[in-house]
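Take a look at the structure below.
Residue numbers (the numbering used here): -11 to 241.
Structure follows, in structure tokens:
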């Protein structure tokens, strides 16, 4: 009996994950990451960002299922894999998160109105480049505009005009252009829209790179543009099934 009790206590003390195993997904996981934009020689990379402080504040259940947790606020530090899980964090619900620390330069970042389901992972990313707003943010491939404007901050013309690089949804580089105008306060730029010939409809990533004195890469911002008007053709139909061998006793009707 003592051995059974000790084994049972050890089993349940091994972590909150046992609740999920027995009763289904409960609570949720927060995951802190650090992302770098793509370059002409490398796809974008999302890496775990360990040992980051995360503060969570519950905003309310969202009515998308039965509650699977009760805790409505927390202040934790993610582990070496950038993750922290608790089976009693309230879900399915809307939360506000604050992450503090991690990769150099991340500092404080706020995430408002995040909907989290039972057992889900809530990614809290810190990007090495700022998000820029594109105008227009959608382009008809059959009638593209001559120029596009990107608004953000940190643009610098000290060593030359910024370069605007275009990537597909898989992070593959396909074209680039140079800014034709940059505001004096570094909050917007204008550039010619490069040829979009051959592209299919989809979301494309734009990376804005400041020129530097030593030629090193300084990606200051990213943006997204929806390209439409040339949908990917449907795949060919499956071949007819093999009827198999037919010998002299086959009958034709």
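Ideal Cβ placement from N, Cα and C applies to all residues, glycine included. Please read all numbers here as calculations on a predicted model, not as lab measurements.
For residue 181, the secondary structure class from DSSP, reduced to helix, strand or coil, is coil.
Assigned with DSSP and collapsed to three states, residue 134 falls in coil, not helix or strand. Within the same chain, 14, 79, 106 come within 6 Å of residue 56 by CB-CB distance, once the 5 residues on both sides are set aside. With a 10 Å radius around the Cβ and a threshold of 16 neighbouring Cβ atoms, residue 66 comes out buried.
Counting along the chain, the unbroken beta strand (DSSP E) around residue 113 starts and ends at 109 to 115.
Listed in chain order, the non-local C-beta contacts of residue 174 below 7 Å within the same chain comprise 141, 142, 143, 144, local neighbours out to five positions each way being set aside. For residue 184, the closest of 162, 176, 170 by C-alpha to C-alpha distance is 162.
For residue 207 and residue 54, the gap between their C-alpha atoms comes out near 44 Å. Counting other Cβ atoms within 10 Å of its Cβ, residue 125 stays below 16 and is therefore classed as exposed. In terms of Cβ geometry, residue 30 and residue 88 do not form a close pair [threshold 7 Å].
Your pair residue 192 and residue 170 does not check out as a contact, with CB atoms roughly 22 Å apart and the cut at 8 Å. The C-alpha of residue 113 is placed about 5 Å away from the C-alpha of residue 21.
Out of 177, 165, 195, 137, the CA that lies nearest to the CA of residue 159 is found in 195. Rounded to whole angstroms, the gap between the alpha carbons of residue 117 and residue 152 is 13 Å. In the DSSP secondary-structure assignment, residue 216 is bridged to 128. Residue 167 is classed as buried because its beta carbon has at least 16 other beta carbons within 10 Å across all chains shown.
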